Amino acid sequence: MSMNDPLGDMLTRIRNAQMRGKSTVRTPASKLRAWVLDVLKAEGYIRGYEEKTSDAGHAELEIGLKYHDGTPVIRELSRVSKPGRRVYAGAREIPQVRQGLGVSIVSTPKGVMSDAAARNANVGGEVLCTVF
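The sequence shown begins at 3 in our numbering and counts up by one.
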């Protein structure tokens, strides 16, 4: 599998692990991935994550998945901006997910944050993904 979209790869790993009911999933470590995970944790979608080292000596992030009554807390995790088609939004155009029940994760000049935080800070940026 080509790794042109490391963030998309991480989201897919999370989705796949949840379908199998796994409690944790590992993904190669990167700053962007960690920043997105910070938002997912702050918004209550994952238990958290920690840095580990793979057997091959590569840095990995082990993500603690969250379930409620056996159902994954994350019902939907979609990549919005893709390497071939970047999606940017101004502070006022950042999409709301499911009337605000979900969260858009936006990469702004002030860091990676939720759509609500970006609106409050009045900054736009690249809409990385949505979670519901």
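Where a beta carbon is used, it is the ideal one built from N, C-alpha and C, also for glycine. This one's a predicted model, so the numbers in the text were calculated from it and none came from an experiment.
Output the distance between the C-alpha atoms of residue i and residue j, rounded to the nearest integer angstrom.
i, j, result
"G10", "G23", "20 Å"
"Y51", "L39", "7 Å"
"P111", "R94", "15 Å"
Can you tell me whether residue i is buried or exposed, with buried defined as 16 or more other CB within 10 angstroms of its CB?
i, result
"G104", "buried"
"M5", "exposed"
"T132", "buried"
"L130", "buried"
"D117", "buried"
Over what stretch of residues does the alpha helix (DSSP H) that includes residue i continue unbroken?
i, result
"L42", "K33 to A44"
Where does residue i sit, in a helix, a strand or coil, going by DSSP?
i, result
"M3", "Note that M3 scores a pLDDT of 47, beneath 50, so its modelled location is shaky; the value from the coordinates is reported in the next line. If DSSP states are grouped into helix, strand and coil, M3 belongs with coil."
"R17", "helix"
"G23", "coil"
Please report the residue range of the beta strand (DSSP E) in which residue i lies.
i, result
"A61", "A61 to L67"
"Y51", "I48 to T55"
Beta-carbon of residue i versus every beta-carbon of chain C: anything under 8 Å?
i, result
"E53", "Protein chain content of the structure displayed is limited to a single chain, and chain C is not contained in it."
Inside the stretch 75 to 130 only - beta strand (DSSP E) runs reaching at least 3 residues: 79 to 81, 105 to 110 and 113 to 116
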